[in-house]
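Okay, so here's the structure we're looking at.
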Amino acid sequence: MRTVLMALVCLVGVVHLRAQAQRGVQNTPFIHGRWFMNGDPSKPCEIRQDGNRALFINEFGSRARGTVLGSYVLIPDWSDGQGSDGLIGRVRGNRIVWPNGSFWARLP
Numbered sequence: 010m011r012t013v014l015m016a017l018v019c020l021v022g023v024v025h026l027r028a029q030a031q032r033g034v035q036n037t038p039f040i041h042g043r044w045f046m047n048g049d050p051s052k053p054c055e056i057r058q059d060g061n062r063a064l065f066i067n068e069f070g071s072r073a074r075g076t077v078l079g080s081y082v083l084i085p086d087w088s089d090g091q092g093s094d095g096l097i098g099r100v101r102g103n104r105i106v107w108p109n110g111s112f113w114a115r116l117p
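So the sequence shown is numbered by this note's numbering: it starts at 10 and just counts up by one.
Written out as structure tokens, the structure reads:
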């Protein structure tokens, strides 16, 4: 039951974020640049941002396009490992926090 509820919450979040992206939501934070997985300097990541669109490159070099919406990022081609339709991260200052508790940090 808990898994079903979490999947439903994630699905609603993805649908909501996609609808916002189509409307061109304002207040897009600037997250372009180098990041580090869990703050580890040996695991650099990168975001190449153009407005509310971005290319995300993880610590393994995998690339995916996504959208920056207010304090959230949506990456449709990446998964949270829970079977959801895309990966949603929350921008919290100098961190992007992922659903599994890991994060990308601006500084190692």
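Glycine included, every Cβ here is placed at the ideal spot set by N, Cα and C.
In this text the structure is predicted, and so the values were computed from the model without any measurement.
Looking at residue 3: is its Cβ nearer than 8 Å to the Cβ of residue 100?
This structure leaves residue 3 out entirely; the chain is present only between 10 and 117.
Please return the same chain residues whose Cβ sits closer than 6 Å to the Cβ of residue 67, not counting the five positions on each side in sequence.
54
Output the distance between the C-alpha atoms of residue 57 and residue 114, rounded to the nearest integer angstrom.
15 Å
Quickly, what does DSSP pair residue 76 with across the bridge? List them, please.
62, 83
Residue 96 - containing beta strand (DSSP E), residue span
96-101
Is the CB-CB distance between residue 107 and residue 116 below 8 Å?
no
Within 8 Å, strictly: CB atoms of residue 44 and residue 84:
no
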